[in-house]
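Visitor: I am attaching a structure below and will ask some questions about it afterwards.
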Amino acid sequence: MSAPLRPRPAAPHGPAVLGTPATSRLLTVGVVGAGRVGAVLGAALVAAGHRVVAVAGGSGASRARLALLLPEVPRRPVAAVAHAAADLLLIAVPDDALAGVVADLAAHGALRPGQVVAHTSGAHGLAVLAPATEVGARPLALHPAMTFTGTPDDLARLAGISYGVTAPAELRPLAARLVADLGGVPEWVAESDRPLYHAALAHGANHLVTLVNEATDRLRDAGVARPEKVLAPLLRAALENALRLGDDALTGPVSRGDAGTVQRHLDRLAATAPESVPAYRALARRTADRAIAAGRLRPVDAQSLLGVLADSNREVAL
Numbered sequence: 167m168s169a170p171l172r173p174r175p176a177a178p179h180g181p182a183v184l185g186t187p188a189t190s191r192l193l194t195v196g197v198v199g200a201g202r203v204g205a206v207l208g209a210a211l212v213a214a215g216h217r218v219v220a221v222a223g224g225s226g227a228s229r230a231r232l233a234l235l236l237p238e239v240p241r242r243p244v245a246a247v248a249h250a251a252a253d254l255l256l257i258a259v260p261d262d263a264l265a266g267v268v269a270d271l272a273a274h275g276a277l278r279p280g281q282v283v284a285h286t287s288g289a290h291g292l293a294v295l296a297p298a299t300e301v302g303a304r305p306l307a308l309h310p311a312m313t314f315t316g317t318p319d320d321l322a323r324l325a326g327i328s329y330g331v332t333a334p335a336e337l338r339p340l341a342a343r344l345v346a347d348l349g350g351v352p353e354w355v356a357e358s359d360r361p362l363y364h365a366a367l368a369h370g371a372n373h374l375v376t377l378v379n380e381a382t383d384r385l386r387d388a389g390v391a392r393p394e395k396v397l398a399p400l401l402r403a404a405l406e407n408a409l410r411l412g413d414d415a416l417t418g419p420v421s422r423g424d425a426g427t428v429q430r431h432l433d434r435l436a437a438t439a440p441e442s443v444p445a446y447r448a449l450a451r452r453t454a455d456r457a458i459a460a461g462r463l464r465p466v467d468a469q470s471l472l473g474v475l476a477d478s479n480r481e482v483a484l
């Protein structure tokens, strides 16, 4: 368990103009959504000295997180949190719920001119905050590129992570300051690029979890009692090498053009775990494409391999 939070001493809380380079005062913040991200970022803002004055979150899991991470912050209805957030309203709700939350807050007069309304969604930019901007609030998209557990251990992981930020020019200084207060680094993402940005993160992180669990299950099928022990050093090395070397880190049968080996993989997967075959085939084909483009696999050596990967209706050798 992480050590208790030690907030910085509060600075004088007088008037200031948000979003200017000279802004240095601490902010009065409300958090809507006490899921894993909202609760942790709220706690991180408290640790940075900001005043988190209210939070909305009604589920049992949310209440447990708040008791652990924000024990002194009162829970309030969503509209009440928005009213209390004099400087910054942080909305940390699921992607598909975000538009409805923003629209409801604007329609019920819970937002005010000059208030900064930020969300933590990677998939959305500023367009989803249009109802807030129409009533004079200022929009900010602030997405932490990190996976969260919703526990105090997450706070230590925030140091040095990147935040995908989309902001109007006048809010960039405030956005940079907030990211710095959270211990992170801003990556400025254009509005039109938010879906691509989020797709890249989901493809890398979420699909990695699926890939690891698929490999774990197939090792169990092969009789390995502790697949995590087998995979841990291999996958850590592969990840570190890929981040450092790019496509030059690639090894294995696809990079060598070993069509016979890949065919045997597909045959045994089809017999043991047919649900794994489409993903294996798709990833192997993409791996071959990248290996060829990087010069790791000669096209002439790839012909038989590509034939195996393209023939989805071939006979399975049992």
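Numbering-wise, this note's numbering comes out as the position in the sequence shown, counting from 1, plus 166.
Beta carbons are placed, not taken as given, at the ideal position from N, Cα and C, and that holds for glycine.
(1) Which ranges does the alpha helix (DSSP H) cover as unbroken runs of at least 4 residues, wholly within the segment 311-366, from first to last along the chain?
(2) Alpha carbons only, please: which of Ala245, Thr438 and Leu324 is nearest the one belonging to aspartate 347?
(3) Rounded to whole angstroms, what is the Cα-Cα separation between alanine 356 and valine 219?
(4) Determine the burial state of alanine 476: buried for a count of at least 16 other Cβ atoms within 10 Å of its Cβ, exposed for fewer.
(5) In the DSSP output, what is arginine 241 paired with across the bridge?
(6) Comparing alpha-carbon positions, which option in Thr315, Leu463 and Val474 lies nearest glycine 418?
(7) Which value, in whole angstroms, describes the spacing of the CA atoms of leucine 254 and glutamate 353?
(8) Helix, strand or coil for proline 187? Go by DSSP, reduced to three states.
(9) Could you check what DSSP says for leucine 256 in three-state terms: helix, strand or coil?
(10) Relative to the alpha-carbon of alanine 213, which residue among Thr453, Pro310 and Leu235 has its alpha-carbon at the smallest distance?
(11) How many Å lie between alanine 307 and alanine 265 at the Cα?
(12) Buried or exposed for alanine 365, going by 16 or more other Cβ atoms inside 10 Å?
(13) Give a yes or no on whether the C-beta atoms belonging to alanine 368 and glycine 288 are separated by under 9 angstroms.
(14) Indicate the three-state DSSP secondary structure (helix, strand or coil) for alanine 439 in the structure shown.
(15) Should alanine 381 and leucine 397 be called a contact, given that it needs their Cβ atoms to be closer than 9 angstroms?
(16) For a quick check, are the C-beta atoms of valine 247 and alanine 222 less than 9 angstroms apart?
(17) Measure how close the beta-carbons of histidine 216 and valine 195 come, nearest whole angstrom, since I'm counting them as under 8 angstroms.
(18) In chain order, what residues of the same chain have a beta carbon less than 7 angstroms from the beta carbon of alanine 210, not counting five sequence neighbours either side?
(19) Would you tell me roughly how many angstroms separate the C-alpha atoms of alanine 188 and arginine 338, rounded to the nearest one?
(20) Distance check for glycine 226 and valine 280, CA to CA, integer angstroms please.
(21) On a CA-only basis, which of Val206, Ala269 and Ala425 is nearest arginine 239? Give me that one, please.
(22) Alpha carbons only, please: which of Arg434, Leu472, Ala436 and Leu435 is nearest the one belonging to arginine 452?
(23) Relative to the C-alpha of methionine 312, which residue among Val203, Asp455, Tyr446 and Leu193 is closest?
(24) Applying the 10 Å Cβ sphere with the 16-neighbour rule, what's the burial state of histidine 373?
(25) Can you give the Cα-Cα distance for alanine 303 and proline 310, rounded to whole angstroms?
(26) Cα-Cα, which of Ala445, Gly426 and Ala284 is closest to leucine 340?
Guide: From the atom records:
(1) 319-323 and 338-347
(2) Leu324
(3) 31 angstroms
(4) exposed
(5) Val221
(6) Leu463
(7) 20 angstroms
(8) Any reading at proline 187 must be qualified, since the residue scores a pLDDT of 34, below 50, and its modelled position is unreliable; no value is offered.
(9) strand
(10) Leu235
(11) 13 angstroms
(12) exposed
(13) yes
(14) coil
(15) yes
(16) yes
(17) 5 angstroms
(18) Leu321, Leu324 and Leu348
(19) Note on alanine 188: pLDDT 33, under 50, position unreliable in the model; the coordinate value appears next. Taking the straight line from one Cα to the other gives about 12 angstroms.
(20) Note that residue 280 corresponds to glycine in the displayed sequence, not to valine. If you take the alpha carbons of glycine 280 and glycine 226, they lie about 34 angstroms apart.
(21) For the sequence presented, residue 239 should be read as valine rather than arginine. Comparing Cα positions, the closest option is Val206.
(22) Leu472
(23) Val203
(24) exposed
(25) 22 angstroms
(26) Ala284
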